[in-house]
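As structure tokens, the structure follows; a few thoughts come after it.
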Amino acid sequence: MRSTWKQIWPPFVAVIFFLAVWQLAVSLFRIEAWILPSPSGIAREFTGNASGIWTHTAATLRLTMIGFPIGTGVGLVVALLLHLLPWAKRAFYPLLILSQNVPSIALGPLLVIWFGFGLLPKIVLITLVCFFPVAVAAMGGLAQSDRVMMNYMKMAGASKWQIFTKLELPHSLPALFSGVKISATYAVMGAVVAEWIGADKGIGYYMLLQKSAYRTDRMFVAIVIIVLLSLVLFALIALLEKWLVRWKPRRDV
Amino acid sequence: MSQPSDSPVQEQPVYGTDTRRTSPLPAALEVSGVSKAFTHRRKVTPVLNNVSLRVEPQEFVSIVGPSGCGKSTLFHIIGGLETPDAGTVSMNGRLLTGQRGEISYMPQQPALFPWRTILDNVLLAGELKGALGEGAREEARQWLDKVGLAGFERAYPHMLSGGMQQRAAFLRALLAPQELMLLDEPFSALDALTRSAMQRWLLELWEANRRSVLFITHNIEEALLLSSRIYVFSGRPGSILHTVDIPFPRPRREEITDSPEFLKLKRQLSDWMREEQEKGRK
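Line order of the protein sequences matches chains A and B.
Just so we're aligned, residue 484 is where the first sequence starts under the working numbering, counting upward by one.
Just so we're aligned, residue 5 is where the second sequence starts under the working numbering, counting upward by one.
Okay, here's the thing in structure tokens:
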């Protein structure tokens, strides 16, 4: 308990300090609220009526919760296929890496042309941003099994499938989870961007509305909500990891 | 500096070197005329040179030799991880060169699977062979009690000390369905005290449950205490320099390490080893 507290308080103090400087600067230099609202102003807007932001939040959450599992699933399937078929890995892995030079977000408008304004183009966009970190992390984890354990398995006469299920897969879990955690935050971002491109609800849509009204404070409220969504999703994945990888020795920090 | 590896692989009269075929039962392990060289960037490095050895059923046989004498490569060949350039491996009269799954192996590091409990680790070899019968778990649990790991059935490997992990790894090898056990310097990572305790433990355990064992070690005393026969390996490329039958009757006590005969054998083996080590340095 004490050590957790020791870890938490320095960043906590740093954040408080940052907010204090911000608040002071805004009132000291009399910065207009439409350029930069003060933290207290944002907090007031957040707790007060942020005109229906919660329905928008629910819409974004729903989109994320559909897109994220699909994106993660696709990433996993790609990783497993490439791992189990070495020739496919040789052929596609370099292309997969190269494909990441195409900014997925720039594909958004194209997706709208192809799939319209419904749910589909948004899910496709989230899948595009989510699958890559999962696929790369899982492939890395699967390929880097312990050599001694691998030799043991082979000498004991383990089949390829046994090596995969009893050694490579469990061994890759920690690496896999670090990929899933990254893609969890990407998923929220992907959902918001998808809503910018074409939607009639959601946090992204809400931000566009507030932008045209120069309600900077409300845009900050939206940002806070996006951060909170990412954090909650991240924490859930971390919990799942802790439960699934409970065999791992606890690191002494 | 020393460049003994530059010599080309010699043509060896590989087959028919088995002159020790005197026992009525086929050997638990018979390695005959095994040679192996690795090629790296067009440079051929011979690692094993015409190695022949046998392990009779229920016999404890050791290999001692300087480091880098190709002992681990020999284990990989026996275990089917590598195929020899020449020579054969057979077990119980069956020719099994390059076949996997025929031996029970204990590596240098315990290599317990961190996501398995100790009980599941110990049962792994049987599980892989689909050879876990009804009472296997119960039997394994009793074994864990016997080797001083009672109460750790559901612990994960990282919770155990080095010596305990080694005992679990040994138990995994012992409970494997394969008869022949290959032990690759199992105690080399342990401190001296734990090591001698583990030697006594292994001696006692083996004498109660005779299995065919091929044991690699750097430690001459360990080899003398445990084995019925010792093969002394040369430096790289590894070949058998001497074969020493160890006369001490069984069951052995640790006290034999103080007997004059033991000390004489120990000095003899140490001299051979030192010679080899010095040859390697030149």
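Backbone N, C-alpha and C define an ideal beta-carbon position, used for all residues, glycine too.
Since the model is a prediction, treat every value here as computed from it, not as a measurement.
Taken atom to atom, the span from the alpha-carbon of residue 594(A) to that of residue 661(A) is near 28 Å. The shortest C-alpha to C-alpha distance from residue 714(A) to any of 724(A), 698(A), 667(A) is the one to 667(A). Judged by their CB atoms, residue 255(B) and residue 211(B) are nearer to each other than the 8 Å cut-off. Cβ atoms of residue 592(A) and residue 680(A) come within 8 Å of each other, at about 6 Å.
Looking at 200(B), 205(B), 29(B), the one whose alpha-carbon comes closest to that of residue 175(B) is 205(B).
Using a Cβ-Cβ cut-off of 8 Å, residue 44(B) does not count as an interface residue toward chain A, since no Cβ of chain A sits closer than that to its own. Residue 524(A) is outside the set of residues whose beta carbon lies under 8 Å from a beta carbon in chain B.
Residue burial annotation: residue 80(B) is buried, with at least 16 other C-beta atoms found within 10 angstroms of its C-beta. Scanning its chain for C-beta atoms nearer than 6 Å, with the 5 sequence neighbours on each side dropped, one finds around residue 588(A) the residues 676, in chain order.
Interface residue (Cβ-Cβ distance to chain B less than 8 Å): residue 635(A) is classified as such. Under the Cβ distance rule, residue 631(A) counts among the residues neighbouring chain B, one pair being separated by less than 8 Å. Put simply, the CB of residue 119(B) is near chain A, with a gap under 8 Å to one of its CB atoms.
Burial check for residue 688(A): the Cβ neighbour count within 10 Å reaches 16 or more, so the residue is buried. Listed along chain A is no residue with a C-beta nearer than 9 Å to that of residue 242(B); the closest approach is about 19 Å. Rounded to the nearest whole angstrom, the CA to CA distance from residue 519(A) to residue 685(A) is 23 Å.
Cβ-Cβ distances below 6 Å link residue 616(A) to 662, 665, 666 in the same chain, with the five nearest sequence neighbours on each side left out; the list follows chain order. Put simply, the CB of residue 732(A) is near chain B, with a gap under 8 Å to one of its CB atoms. Scanning 249(B), 74(B), 218(B), 164(B) for the CA closest to the CA of residue 49(B) turns up 74(B). Under the 8 Å criterion on CB atoms, residue 144(B) is classed as non-interfacial with respect to chain A. In the three-state DSSP reduction, residue 549(A) falls in the helix class (H, G or I). At a cut-off of 8 Å between C-beta atoms, residue 702(A) does not count as an interface residue with respect to chain B. Close to residue 57(B), with beta-carbon spacing below 7 Å, lies no residue of chain A; the smallest spacing is near 18 Å. Under the Cβ criterion of 8 Å, residue 639(A) is counted among the residues facing chain B.
Interface annotation for the segment 118-139 of chain B against chain A: 118, 119, 120, 121, 128, 129, 131, 132, 133, criterion Cβ-Cβ distance under 9 Å.
Residues of the same chain with a CB within less than 7 Å of the CB of residue 118(B), apart from the 5 flanking positions on each side, are 160, 161, 162 in chain order.
Counting only Cβ-Cβ distances below 7 Å, residue 645(A) has contacts in chain B at 132, in chain order. Taking C-alpha positions only, residue 554(A) is separated from residue 640(A) by approximately 36 Å.
Within the DSSP bridge table, the entry for residue 44(B) names 47(B) as partners. With the rule of 3 Cβ pairs closer than 8 Å, the segment 121-131 of chain B counts as touching the segment 173-190 of chain B. Annotation: residue 72(B) has no Cβ neighbours in chain A at a cutoff of 8 Å; minimum Cβ distance is about 18 Å.
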